[in-house]
Structure formats: C-alpha cells, structure tokens
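Novice:
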Amino acid sequence: DTEVTQTPKHLVMGMTNKKSLKCEQHMGHRAMYWYKQKAKKPPELMFVYSYEKLSINESVPSRFSPECPNSSLLNLHLHALQPEDSALYLCASSQDFLNEQFFGPGTRLTVL
Amino acid sequence: GQQVMQIPQYQHVQEGEDFTTYCNSSTTLSNIQWYKQRPGGHPVFLIQLVKSGEVKKQKRLTFQFGEAKKNSSLHITATQTTDVGTYFCAGPGTNAGKSTFGDGTTLTVKP
Numbered sequence: 001d002t003e004v005t006q007t008p009k010h011l012v013m014g015m016t017n018k019k020s021l022k023c024e025q026h027m028g029h030r031a032m033y034w035y036k037q038k039a040k041k042p043p044e045l046m047f048v049y050s051y052e053k054l055s056i057n058e059s060v061p062s063r064f065s066p067e068c069p070n071s072s073l074l075n076l077h078l079h080a081l082q083p084e085d086s087a088l089y090l091c092a093s094s095q096d097f098l099n100e101q102f103f104g105p106g107t108r109l110t111v112l
Numbered sequence: 113g114q115q116v117m118q119i120p121q122y123q124h125v126q127e128g129e130d131f132t133t134y135c136n137s138s139t140t141l142s143n144i145q146w147y148k149q150r151p152g153g154h155p156v157f158l159i160q161l162v163k164s165g166e167v168k169k170q171k172r173l174t175f176q177f178g179e180a181k182k183n184s185s186l187h188i189t190a191t192q193t194t195d196v197g198t199y200f201c202a203g204p205g206t207n208a209g210k211s212t213f214g215d216g217t218t219l220t221v222k223p
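Chains as they are written, first to last, in the numbering used here: chain A, 1 to 112; chain B, 113 to 223.
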C-alpha cells in the first residue's frame, strides 16, 4: 500500500466551528507532514512529526492543532478559523527526512 | 533562510515542443526533489537527485543537478497534453524535515 489517504475531501465550516482533518498511511513511514496550499502557490509547510513527536511547527496559529495518535495517523484539529484559512490542506509522509514525500489527495477547506 | 527560486512561472507550448524549468537555491543542497501536480490534484514525486552533476532520465523527462548542487533543471522533450500541470522542485532546509518548495512552473500544452 503506497497511498496516503485524507478525509474529508471537502469541508465547509463556519468561524465558530470545530472540525478535524484526518490523514492515514500504512507504508511504515516515520515522518508525517501537514501542508497548506493556496491556489497557484507551492505547498507551505505547517507541521512535521517524526516518530510520532512534533519536530517542526512553522509558527502556525494556535487555531490549528496537530495530533499524531500513532505512527499511521495524523490529525489536524481546527477551531475558530478565519476565511483566509480557506485552502487545500495536504498531508504527506516519508520514510525519513531524506526520502521523497508521498502526498495525500488533500482536504479542500472553505471557511465562511 | 534558504530560498528556492524557480523559473519560468508559466510556460505555454504547442504539443510536440520541448519544455524546461529551472530551479536555483541560495544555498548548497544535499539533494533536490521534483514533483508534479496536475490541475485539481496533489503533488506526486517524480525523482530525487543527490550527486553533483547528476543526470537522470525518465522517458521524455531529463533531470539535472548542477555541479555546485545549487541548481537543477527538468527538461521535457516533445511535450504531450498529459504533461500539463505544475512542476515543483524541493530542497531540504536547514532544519531536518523542512523541505523548501520552489514556486513551481505551470505548463500548459496546446494540442
């Protein structure tokens, strides 16, 4: 299985809602990533987990809260988002920091 | 911090023409990766280059890593409509796990 799955595919939420994005991989990868991608822009790194521990937080606002329950799962909890947070949220995994990243299909988030 | 610049931003070609995108880093890279993102899709890994002066080929795609390991290029020979998408280069950052993506080159191919 060389696939990274993400749910949901689409999400519309209000600024007062709480929601979660989920990511799963079964490739035994030890590094997992959250990216944010705006239209016509490159992926922008948000968080990196290594061996289930948060290793990089790119100064992301606290309304985004990552969680890595186990080596296969990665969550992104959302609370009190702003309309400018609307974007494609991509999850990725890699065997380690030196190897290629496998991206999931993403969650397209709209904040109203 | 590290910057990875990519040119051109957009390239429109007639089917059958060649295409090249260039990637330049402000610092020496230990490796460089190339990804392709189709419209409405997600980035898909194409290749990784590690050695100075390395050249790798995948069918009509040729990837090069500069001698100084600060630049790289992707060349597509005889483009096809299936080549449409945005091509990103990515280099490892100073912090382990932090890859810096170039801004991407969006290729459109006119049949």
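Every residue gets a Cβ at the ideal spot worked out from N, C-alpha and C, and that includes glycine.
Could you compute how far the alpha carbon of Q25 (chain A) sits from the alpha carbon of Y199 (chain B)?
Specialist: Between Q25 (chain A) and Y199 (chain B), the C-alpha separation is close to 24 Å.
Novice: Would you call D195 (chain B) buried or exposed, if buried means 16 or more other Cβ atoms sit within 10 Å of its Cβ?
Specialist: It is buried - the Cβ of D195 (chain B) has at least 16 other Cβ atoms within 10 Å.
Novice: What are the boundary residues of the beta strand (DSSP E) that S65 (chain A) is part of?
Specialist: Its beta strand (DSSP E) spans residues 64-70.
Novice: Which residues of chain A have a Cβ atom closer than 8 Å to the Cβ of P120 (chain B), listed in chain order?
Specialist: The premise fails here: P120 (chain B) is roughly 14 Å from chain A at the closest Cβ pair, so nothing lies under 8 Å.
Novice: Candidates A:L112, A:T110, A:V111, A:S94: which alpha carbon is nearest G104 (chain A)'s?
Specialist: Closest by alpha carbon: A:S94.
Novice: Enumerate in chain order the residues of its own chain whose CB-to-CB distance from I56 (chain A) is below 6 Å, with the five nearest sequence positions on each side excluded.
Specialist: Result list for I56 (chain A): V48, in chain order.
Novice: Return helix, strand or coil for T194 (chain B), following the three-state DSSP convention.
Specialist: Three-state result, T194 (chain B): helix.
Novice: Answer with buried or exposed for A202 (chain B), where buried requires no fewer than 16 other C-beta atoms within 10 angstroms of its C-beta.
Specialist: When all chains shown are included, A202 (chain B) counts as buried.
Novice: Nearest chain B C-beta to G28 (chain A) closer than 8 Å, yes or no?
Specialist: By this cut-off, G28 (chain A) is not an interface position.
Novice: Just how far apart, CA to CA, sit A31 (chain A) and H79 (chain A)?
Specialist: Computed Cα separation, rounded: 25 Å.
Novice: In whole angstroms, what separates the C-alpha of K181 (chain B) from that of V156 (chain B)?
Specialist: Roughly 23 Å between the two C-alpha positions.
Novice: Give the residues from the region 34-65 of chain A that approach chain B closer than 7 Å (Cβ to any Cβ), ordered along the chain.
Specialist: Answer in chain order: P42, P43, L45, V48, S50, S55, I56.
Novice: Closest by CA to S137 (chain B), which one among B:L161, B:T220, B:Q118, B:L158?
Specialist: Residue B:Q118 is the option with its Cα nearest to S137 (chain B).
Novice: Using Cβ-Cβ distances below 8 Å, what residues of the region 155-166 of chain B are close to chain A?
Specialist: Answer set for the region 155-166 of chain B: P155, V156, F157, Q160.
Novice: Please classify P83 (chain A): does DSSP put it in a helix, a strand, or coil?
Specialist: P83 (chain A): helix per DSSP, three-state reduction.
Novice: I want to verify the contact list: residues of chain B whose CB lies under 9 Å from the CB of P105 (chain A), in sequence order.
Specialist: Near P105 (chain A) (Cβ distances below 9 Å), the residues of chain B are G153, H154.
Novice: Could you check whether the Cβ of Q101 (chain A) sits closer than 8 Å to any Cβ belonging to chain B?
Specialist: Output row for Q101 (chain A): interface = yes.
Novice: Give me, in chain order, the residues of the same chain whose beta-carbon lies closer than 7 Å to that of E113 (chain A); leave out the 5 immediate sequence neighbours on both sides.
Specialist: Outside the displayed range of chain A (1 to 112) lies residue 113 (chain A), so it cannot be described from this structure.
Novice: Which partner residues does P204 (chain B) have in the DSSP bridge list?
Specialist: The partner list for P204 (chain B) (beta bridge, DSSP) reads B:S211.
Novice: What residue from B:N183, B:D130, B:K163, B:Q114 has the CA that sits closest to K222 (chain B)'s CA?
Specialist: Selected option, being the one with the closest Cα: B:D130.
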